[in-house]
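The working numbering puts the first residue of the sequence shown at 787, with every later residue one more than the last.
Each remark here refers to the structure printed beneath this line.
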Amino acid sequence: PTGSSNDTAAAARYLVGVGRADCTGPVAQVPLMGYANPSQVGGGLLSRLYSRAFIVADLEDSKRVVFVSADIGMVSQRVRLEVLKQLQSKYGELYRQDNVVLSGTHTHSGPGGYFQYTLFWITSKGLVRPALSSIVNGIVKSIDIAHENMKRGRLFINRGAVENSQINRSPFSYLKNPASELSRYSSNTDKEMVVLKMVGEDGHELGLISWFAVHPVSMNNSNHLVNSDNVGYASYLFEQEKNKGMLPGEGSFVAAFASSNLGDVSPNTRGPFCANTGESCDNPQSACPVGGAAMCMAKGPGNDMFESTRIIGHNIYLKAKELYEKASQEVTGPLSSAHQWVNMTDVSVELNATHTVKTCKPALGHSFAAGTIDGVGAFNFTQASVEGDPFWDHIRDQLLGEPSNETKACHKPKPILFSTGEMTWPHPWHPDIVDVQIAAIGSLAILAVPGEFTTMSGRRLREAVKSEFDSHGTPGMNVVIAGLCNVYTHYITTYEEYQIQRYEAASTIYGPHTLSAYIQLYRGLAKAIALDATQDLPRGPEPPLFNVTSVTLLPSLSAESAPAGKTFGNVLQEVRPEYQEREVAEVTFVGANPRTSAENATEHNFLTVERYSNISSSWRVVLNDASWDTRFYWTKGSAGQSNVTIEWHIPAGTEPGVYRLRYFGHYKKKVSLFRTITVPFEGSSSAFQIT
């Protein structure tokens, strides 16, 4: 039976599988990835990070497409290569570089240290194996779960505008685009959200993917709690609603809020203000009269960053929910995927019949160090705190090296700060070999892009790909950009935006013609898909996998101790006997380094909120550490001692009753001169009443 589009129990078109797995990793001492601020290191947990995987296969199961959205800053080449290696050893040729898309949500509050290119080592304190492993294993596990739960199902697509959730953070760059182009758009950001709804043949709801362009930077660079930011909060709300009665992070329904062309898009909707004087700094330099650019910070809609995160996340969630419920346009047609590796330092682009231009070796411009209104630049390497270490001294000497005349000329008008394409010790500083990829599910084409396209760059790319499909016999394709996929190459601005060299342009690492090169490449992929000729695409040069296991400035995990007369998990500061909703229950314990837990248990839960049940005379877990209402803080003391504070921000509508807060950790214990063992422990607050 075919039935109407809303008759969800009609015939299946595809096999569909969804999966979710934890990828949080170490929540302490590892620098957070995103703001490039070396002092922003993890010190606890606000919400868990997840990898969310979606597999679509045709009914004959001859072709498959995998889309993964992970709550991480970006997918690095190292992560991708390790994931593909694991998938190959498990599944052979089923999941490959052409049909697996890995996308990062771009939260700026996840652990860093999962990169193989040297530039990213500087603010991540090197390559942090536990962080890398958590991400790789989490992504693979989410794909495993989706793989094991393939069901006959149907897909629906819908789109609509999200209001009050973004501003363009480089409006002066945007306005440099041609007037004829600007006049075609009513807004300087892309407000459109695209939602893909997945339903089983029996009408059972499976999940959704939303693509929407906004930076997950509602949590600013003063934050030390690992979390998935505004889009992660949207996922949490959607999954909590669909997985009724389950703890956060549990339940079969999977909702991914994936990134798109968010390059110049901020969620801090009140705009830029001077932190010291309170006046607006919405000027081409984003500078304040006193203190310059360092004082210019954008404000979100809330009273603090936690509230702003919730407001923006809730807006995004509400629009997704509406689009999901009303989605009636069914996705049908064949599956296809196209992928190439490209040496982005040497692409010739035919602008027209007489004019050919080229991309450049990677380099970062001066404004890269200035940062943005969402996070002030702290890339003050020359005063790095590691002077005197020969390894890091060597790195700094390279940073101060002079770029070649060829690179200078190629990047004009960019004033080069770091000529990363000419730095090779101990490994190259930036990738040369970059992935370009399109995955097509019937009428939906997902452009997997390796970085952050600005609003106008994304519009040009989508339009070019759409017209390529149109002219080769597949009209009416829904083209979406999935951001931060496969390998990180910073930003991609238009040629016109590039000319004024704000942060996004300074971070367009392959030079002024980067966007034109990508448009040419993605047109080629689209043509191959439209003509069913993907097997004829040249694979391109394979990227390197550097033989680096771990190089890190992280302090090593040594034996820990409790204060005299106390043991791990003892309460140092007790809860109050009574609270009301909207208050904060808080308890402090003798703690241990949470990194020890991350390295000993893949999915360690640090805390629970438990309610006493009179019926069963037992404690029942009502919240875990994945809840956005709980906060887990770790504070390092001296002599191997540390404290853990757990907060529960009691929401309105909490059922009255008797509650307690529990803490679960691991500490390192010295058993002989050369051997330490890991010992699990737990602690609990006193019971308290909510009235």
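Note that the Cβ used here is the ideal one computed from N, Cα and C, for glycine as well.
Only a predicted model underlies this, so the values are computations on that prediction, with no experimental measurement involved.
{"Asked": "Considering only the beta carbon of each residue, do V1220 and L1311 sit closer than 9 Å?", "Found": "no"}
{"Asked": "Can you list, in chain order, the residues of its chain whose CB lies under 7 Å from that of N1101, leaving out five sequence neighbours each side?", "Found": "V948, N950, S951"}
{"Asked": "Terminal residues of the continuous alpha helix (DSSP H) containing T909?", "Found": "905-910"}
{"Asked": "Within 8 Å, do at least three Cβ pairs link the region 1001-1020 to the region 965-974?", "Found": "no"}
{"Asked": "Using the C-alpha atoms, what's the distance from A1155 back to N1166?", "Found": "A caution first: N1166 carries a pLDDT of 45, below 50, which makes its placement in the model unreliable, though a value can still be read off. C-alpha separation (whole angstroms): 7 Å."}
{"Asked": "Between the region 906-920 and the region 816-829, do at least 3 Cβ pairs fall closer than 8 Å?", "Found": "yes"}
{"Asked": "Please name the residue, chosen from Q1071, G1439, A1084, E1065, that lies closest to P1058 on a Cα-to-Cα basis.", "Found": "A1084"}
{"Asked": "Among residues of its own chain, excluding the 5 on either side of A1195, which ones have a beta-carbon nearer than 7 Å to its beta-carbon?", "Found": "none"}
{"Asked": "From R915 to S1045, what distance separates their C-alpha atoms?", "Found": "25 Å"}
{"Asked": "Compute the Euclidean distance between the alpha carbons of I1098 and G1088, then round it to the nearest angstrom.", "Found": "9 Å"}
{"Asked": "Could you tell me which residues DSSP puts in a beta bridge with T1294?", "Found": "H1276"}
{"Asked": "Considering just the uninterrupted stretch of the beta strand (DSSP E) at G805, what are its terminal residues?", "Found": "800-808"}
{"Asked": "Y877 to S928, Cα distance in whole Å?", "Found": "14 Å"}
{"Asked": "From the DSSP secondary-structure annotation, give me the bridge partner or partners of Q1359.", "Found": "T1374"}
{"Asked": "Once DSSP output is grouped into helix, strand and coil, what is the label at C1196?", "Found": "helix"}
{"Asked": "Which parts of the region 805-888 are runs of the beta strand (DSSP E), unbroken and 3 residues or longer, counting only runs that do not cross its ends?", "Found": "814-819, 827-831, 836-844, 850-856"}
{"Asked": "Does the structure place the region 975-992 close enough to the region 939-948 that three or more beta carbon pairs sit under 8 Å?", "Found": "yes"}
{"Asked": "Going by DSSP, which residues form a beta bridge with T1416?", "Found": "W1434"}
{"Asked": "Give, in chain order, every unbroken run of the alpha helix (DSSP H) that is at least 4 residues long and sits entirely within the region 1120-1144.", "Found": "none"}
{"Asked": "Over what stretch of residues does the beta strand (DSSP E) that includes P1327 continue unbroken?", "Found": "It is not in any beta strand (DSSP E) - P1327 carries neither H nor E in the DSSP assignment."}
{"Asked": "Tell me E997's beta-bridge partners as DSSP assigns them.", "Found": "Per the sequence presented here, residue 997 reads as Trp, with Glu not at that position. Looking at the DSSP assignment, W997 forms a beta bridge with V980, A1044."}
{"Asked": "Check whether the region 935-942 and the region 957-964 are in contact - that is, three or more C-beta pairs closer than 8 Å.", "Found": "no"}
{"Asked": "DSSP state of V1017, grouped into three classes?", "Found": "helix"}
{"Asked": "On the three-state DSSP scale, how would you describe P1482?", "Found": "With the chain represented from 787 up to 1477, any question about residue 1482 goes unanswered, as that position is not in the structure."}
{"Asked": "Give the straight-line distance between the Cα atoms of T1241 and R1248, rounded to the nearest whole angstrom.", "Found": "11 Å"}
{"Asked": "Taking only three categories from DSSP, how would you classify N1410?", "Found": "strand"}
{"Asked": "Quick one: grab the DSSP three-state call for P1261.", "Found": "coil"}
{"Asked": "Which residues in the same chain have their Cβ closer than 7 Å to the Cβ of L1358, if we skip the five residues on either side of it in sequence?", "Found": "T1374, F1375, V1376, N1429"}
{"Asked": "Can you have a look at S1402 and say buried or exposed, based on whether 16 or more other CB atoms are within 10 angstroms of its CB?", "Found": "exposed"}
{"Asked": "Would you tell me roughly how many angstroms separate the C-alpha atoms of E1093 and Q1115, rounded to the nearest one?", "Found": "35 Å"}
{"Asked": "For T1275, count neighbouring Cβ atoms within 10 angstroms of its own Cβ and tell me buried if that reaches 16, exposed if not.", "Found": "buried"}
{"Asked": "Taking Cβ positions, are L1109 and V813 nearer each other than 9 Å?", "Found": "no"}
{"Asked": "One question on the structure: do F1474 and R1446 come within less than 9 Å of each other, judged by their Cβ atoms?", "Found": "yes"}
{"Asked": "What residue range is occupied by the uninterrupted alpha helix (DSSP H) comprising K1112?", "Found": "1091-1112"}
{"Asked": "Report the start-end ranges of each beta strand (DSSP E) in the region 1203-1272 that is 3 residues or longer and not cut off at the edges.", "Found": "1219-1227, 1230-1234, 1264-1268"}
{"Asked": "Is the beta carbon of Q902 sitting closer than 9 Å to the one on H1213?", "Found": "yes"}
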